[in-house]
Structures are given as structure tokens and as C-alpha cells.
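A.B. asks: According to this note's numbering, the sequence shown is numbered sequentially starting from 7.
Even glycine gets a Cβ: it sits at the ideal position worked out from N, Cα and C.
Every value quoted in this text rests on a predicted model; they were computed, and no experiment measured them.
Can you read through this structure? Questions will come right after.
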Amino acid sequence: MQEARTNRRSELVAEVTAHRQDPKYLHEYAVGVSQKDPLPTTNNQITGQGKCEAQRCMSDSRAPGTDDVPPELLKQKLSESDTSGSPAMSDEPPTELAKRSLEVLQRMDAEAAIPEIWNTAEVVPIPNGYPLTDMNNYRLVYLIPSMIKRMCSIVANRIHRALAESTFFVPEQADFRSRQECMSHVLMVVDAMQRRFIREELPTYACFIDFGATFVTIPHEALFLKMYLAGIRDRNLAFFRALYLDSWFCVRLGDGARTPKIRMKRGMREGDPSSPLLFKIFINDILDRCREYGVEFDCASADKPEKEGPHGRRLAGLIFVDKVLLLAPNPEALAASMREVSSWADRSELTIGASNCGVMVIHGDSKSTRDRPWLLQDKDVPIVDKYRLLRMHITPTLDVRAQLREIIAEMKSAEH
7 MQEARTNRRS ELVAEVTAHR QDPKYLHEYA VGVSQKDPLP TTNNQITGQG
57 KCEAQRCMSD SRAPGTDDVP PELLKQKLSE SDTSGSPAMS DEPPTELAKR
107 SLEVLQRMDA EAAIPEIWNT AEVVPIPNGY PLTDMNNYRL VYLIPSMIKR
157 MCSIVANRIH RALAESTFFV PEQADFRSRQ ECMSHVLMVV DAMQRRFIRE
207 ELPTYACFID FGATFVTIPH EALFLKMYLA GIRDRNLAFF RALYLDSWFC
257 VRLGDGARTP KIRMKRGMRE GDPSSPLLFK IFINDILDRC REYGVEFDCA
307 SADKPEKEGP HGRRLAGLIF VDKVLLLAPN PEALAASMRE VSSWADRSEL
357 TIGASNCGVM VIHGDSKSTR DRPWLLQDKD VPIVDKYRLL RMHITPTLDV
407 RAQLREIIAE MKSAEH
């Protein structure tokens, strides 16, 4: 069992093709792609204030990593608390230990050097179903050393702030953005599809795509290329290169022992506070070639852009971290959008789990979807009559009563 757990995780992070780590191979796909100017202020030196800001974002309840240093201990020993118990926002470290800690963080940032003791994550398999001999019935918890976790939080906060100020993220993305909510985006689209049917009796064709499995298979060089094109340069890009090109993990066994270290050759660092942001950067351009096939709505997104894009007030879909919703006015347009998404995934050598995806027609004749094959990367996508998107169950009629029944059933199930 212990060997099976280790082998399962090793297969996920192992390199598949030799050129996935070849920058020249991936840069061929960047020809003609627009590059953003270098982000301002992202190369500034780390200050005590930035360190305290990162500490506010860290949870005290997290278990320690391979360094065996609990996060709450760092907060207590390295920060001076204000009356609320939170670290005081000061540029000057309050203790000698805090001063040395800040120097270590600044050196890691300036030299893009990760100490060997902090480059290994510990994976703890937790049973999440039966039979236990099936490695898919385990939830993997990743424990990262506290200091490198703080460092990643500082750099991620710095990059996220600069990207938000430069309006880098497309309006279709709502996750982890100030004054944006995933659920409000879903409700906006549901309302727009309802009005589209009530006013003009027009159907909406949808494809639900789950990219959850690709989170651990993203080629590192493809990620670095996307970061460079987004304007992330110099010390920030160098830091993440150093972090990812020398990332390792070990698996905790039942007796508390740890397996030998295994190098992570692809995929995002799970449990790392910077990983959601990096994945958002990676997936930000997935709808760029789909907008011409989108649905004409009264409003293109939850944001209200000052001017229309080249395809007018069209909405090609929405992005929810690892889930993508494609929208189209007819079957042909939806099939075209699915081909573009397949090409996008092929360029990055990602494999979409087509069986976890679904095609649905909203307020339309289901026969129009069943008379043709639906493909993602040449794999059949099932036609569904219900799909869970966040906490909502989308149905062909957008029936509110059916939605309430599902919620009540889930609540009753949680009681038992």
C-alpha cells in the first residue's frame, strides 16, 4: 500500500515528453502573441510590512511541513501583535529573530536561491472512500515548510496587486479578485440565459469543462512563458523558476516515516499559497479564440467595460479557477469553441478529462445536441441533463424548484 501511494503520486508529476521542459519548443507558440510591459513595483525589495501582510493571510491551523515549524509559532516569535492579536504593519522588524527572518526572505528574493531544507513538501494521504487499495480514494494533503510558504505569499501578493492594477485578468475570471465573486458571475449568466429565452425564445448551448486533473500536469516551462508574457520578469520570475525547477516531495507513511524525496517535474505545487494565482495566469487566455463564437448578451460580464471588444457584447464563457463554462448560440458555434479549447490544451500538452465534462442545451431541443458528436481532444464528451457548477445545479430548464430540491437533498445527506 505504501509503495502504491508513492508510485501513484510519482506518475502524476513525472515528465511525459522530453520537450515539455524545453523553452525553445514552447516559445514557438508565443510567436505573434502580445507581451505585456514589465509590471511596475514587483521587483522592489521585501519589507517588514510586506512580511506582516503575508502573515495575516497565513492560517494558524496549518500543520508544519518537513521543517516541523508550526506557522503560529512563526507568527508569535517573528511579529509584534497589535490589540487585535494580528501582526503590526511595520517596516522595522520588532525582534532580532524577525530581523534575521526578513534578511533570509530578502536574500531568497534577490538571489532566487531556495535552501535545500525548504524545497521539499510532505504529502499525507488521507482515506476518502473505499476500497483503500484504490489510490483514487485518498485525499492528498501537502505540508510545506512555513518559511517558504511565507515567501511565496509575499511574492504572490506583490504580483497579484500589480496584475490587478494593470487589468491583466480577463473579465470572465472572478476567482480571488477584489469585489468579484464566482457565484455572482454564475447568477449573472443564468439570468442572462433566462432573459434570452423569455424575450426572444432563443436557446443557449453550454459545455462544462473540468480542468481539475490538469492542475498537477502543467509543464513548468509553459507556466514560465505565460508569466513572462503577463509582464512578470526579473526577480519574481527568477524566484519561481528556482522554486519549481528544484521542487521535491516525500510521502508520509503509516508509521510516521517518510519516503525518499521525489522530484516534481511538472504540475503546480499543491498547498502553496501562490499556486492559485499562477494557475489563474496560466488559464487567463483560454477564451481568447472563443469570443467570436460567444452568445450575445445585454452585458458581457459582471464587470462593465468602458468599451466593447472586437466581438461586441459577446460572452464566450466563464472561468472558475479549474472549471470553464463555454457558451454559444448554436451547436456549430459551441463545437468551434470546443475545438479552440482543445487546441489550447494541446499546445500546453494538457489532457482534459472529457468524461468529467458535459454538454447541455438551455431552453432548447435536446435532439439538436444528440444528433452530433461532441469532442474535446478527440474524446467524446457526454450530454448531460444536470451539471454542478460551484454550488448550483444547472439544468436544461434552469428550474429553481429543482435547484432547491438538490440543495435540500444535500443538506439531508450531510446530516447523516
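Which same chain residues, not among the five before or five after THR265, have their C-beta less than 7 Å away from its C-beta?
C.D. replies: For THR265, where only same-chain residues beyond five positions count, the Cβ hits under 7 Å are THR12, CYS256, VAL257 and LEU259.
A.B. asks: Throw me the rounded Cβ distance for the SER253 and MET270 pair, which I believe falls under 8 Å.
C.D. replies: Going by Cβ atoms, the distance from SER253 to MET270 rounds to 4 Å, so yes, they are a contact pair.
A.B. asks: Can you list, in chain order, the residues of its chain whose CB lies under 6 Å from that of LEU111, leaving out five sequence neighbours each side?
C.D. replies: Taken in chain order, the residues that qualify are ILE52 and MET157.
A.B. asks: Output needed for ASN49: all residues of its chain with C-beta closer than 6 Å, excluding positions within five of it in sequence on either side, in chain order.
C.D. replies: Closer than 6 Å at the Cβ level, and outside the excluded window around ASN49, lie ASP240 and ARG241.
A.B. asks: Using 8 Å for Cβ pairs, my map puts VAL176 next to TYR148. What's the rounded Cβ distance?
C.D. replies: About 29 Å; that fails the 8 Å criterion.
A.B. asks: Near GLY135, what residues of its chain come up, given a Cβ to Cβ distance below 7 Å and the 5 sequence neighbours on each side ignored?
C.D. replies: Closer than 7 Å at the Cβ level, and outside the excluded window around GLY135, lie ASN143.
A.B. asks: Quick one: is GLU6 buried, meaning 16 or more other Cβ sit within 10 Å of its Cβ, or exposed?
C.D. replies: Outside the shown range of the chain, which is 7 to 422, sits residue 6, and nothing can be said about it.
A.B. asks: To which residues does DSSP link ILE368 through a beta bridge?
C.D. replies: THR210.
A.B. asks: Can you check the stretch 312-367 for any beta strand (DSSP E) of at least 3 residues that lies completely inside it and give the ranges in chain order?
C.D. replies: Those beta strand (DSSP E) runs which fall completely within the stretch 312-367 and span 3+ residues are 323-326 and 329-334.
A.B. asks: Note down the Cα distance separating ILE413 from GLN200, rounded to an integer number of angstroms.
C.D. replies: For ILE413 and GLN200, the distance between alpha carbons rounds to 21 Å.
A.B. asks: Have a look at PRO46 and SER172 and give me their C-alpha separation to the nearest angstrom.
C.D. replies: Cα to Cα, PRO46 sits roughly 9 Å from SER172.
A.B. asks: For ALA162, which residues in the same chain have their Cβ closer than 7 Å to its Cβ, ignoring the five residues on either side in sequence?
C.D. replies: Cβ neighbours of ALA162 beyond the five flanking positions: PRO279, SER280 and LEU283.
A.B. asks: Count the other CB atoms within 10 Å of the CB of LYS418; is the residue buried (16 or more) or exposed (fewer)?
C.D. replies: LYS418 is exposed by the Cβ-count criterion.
A.B. asks: Please specify which runs of the alpha helix (DSSP H), each continuous and at least 4 residues long, are wholly inside the stretch 101-150, giving them in chain order.
C.D. replies: Those alpha helix (DSSP H) runs which fall completely within the stretch 101-150 and span 4+ residues are 102-117.
A.B. asks: Would you identify the three-state DSSP class for PHE174, choosing helix, strand or coil?
C.D. replies: Coil.
A.B. asks: Secondary structure at MET270, three-state DSSP: helix, strand or coil?
C.D. replies: MET270 falls in the coil class under three-state DSSP.
A.B. asks: Roughly how many angstroms separate the alpha carbons of THR89 and ASP216, rounded to a whole number?
C.D. replies: With a pLDDT of 41 at THR89, under the threshold of 50, the modelled position of this residue cannot be trusted; read the value that follows with caution. So the alpha carbons of these two residues sit roughly 44 Å apart.
A.B. asks: Confirm, please, whether the CB-CB distance from ALA248 to ILE287 is below 7 Å.
C.D. replies: Going by C-beta atoms, ILE287 is not nearer than 7 Å to ALA248.
A.B. asks: What are the boundary residues of the beta strand (DSSP E) that includes PHE303?
C.D. replies: Careful: PHE303 lies outside any beta strand (DSSP E) and carries neither H nor E.
A.B. asks: Would you identify the three-state DSSP class for ARG264, choosing helix, strand or coil?
C.D. replies: Three-state DSSP puts ARG264 in a strand.
A.B. asks: Hey, how far is the Cα of ALA127 from the Cα of ILE150?
C.D. replies: If I take the Cα positions, the gap works out to 5 Å.
A.B. asks: Should ILE325 be labelled buried (16 or more other beta-carbon atoms within 10 Å of its own) or exposed?
C.D. replies: Burial call: buried.
A.B. asks: Below 8 Å CB to CB, which residues in the same chain sit around GLN383 once its five sequence neighbours on both sides are set aside?
C.D. replies: Closer than 8 Å at the Cβ level, and outside the excluded window around GLN383, lie SER348, ALA351, ASP352, THR357, ILE358 and ALA360.
A.B. asks: Measuring alpha carbon to alpha carbon, tell me which of ALA168, LEU293 and ARG397 ends up nearest GLU178.
C.D. replies: Nearest C-alpha to GLU178: LEU293.
A.B. asks: Leaving aside the five residues before and after VAL39 along the sequence, list all residues of the same chain whose C-beta is less than 7 Å from its C-beta, in chain order.
C.D. replies: Same-chain partners within the cutoff: LEU235.
A.B. asks: On the CB-based measure, 16 or more other CB atoms within 10 Å of its CB, does ALA170 come out buried or exposed?
C.D. replies: With fewer than 16 other Cβ atoms within 10 Å, it is exposed.
A.B. asks: What whole-angstrom Cβ distance do THR403 and HIS369 have, given they're in contact under 8 Å?
C.D. replies: Indeed, because the Cβ distance is near 7 Å, the residues count as touching under 8 Å.
A.B. asks: For ARG113, which residues in the same chain have their Cβ closer than 8 Å to its Cβ, ignoring the five residues on either side in sequence?
C.D. replies: The answer, listed in chain order, is ALA119.
A.B. asks: Which word fits GLY3, buried or exposed, when buried means at least 16 other C-beta atoms lie within 10 angstroms of its C-beta?
C.D. replies: With the chain represented from 7 up to 422, any question about residue 3 goes unanswered, as that position is not in the structure.
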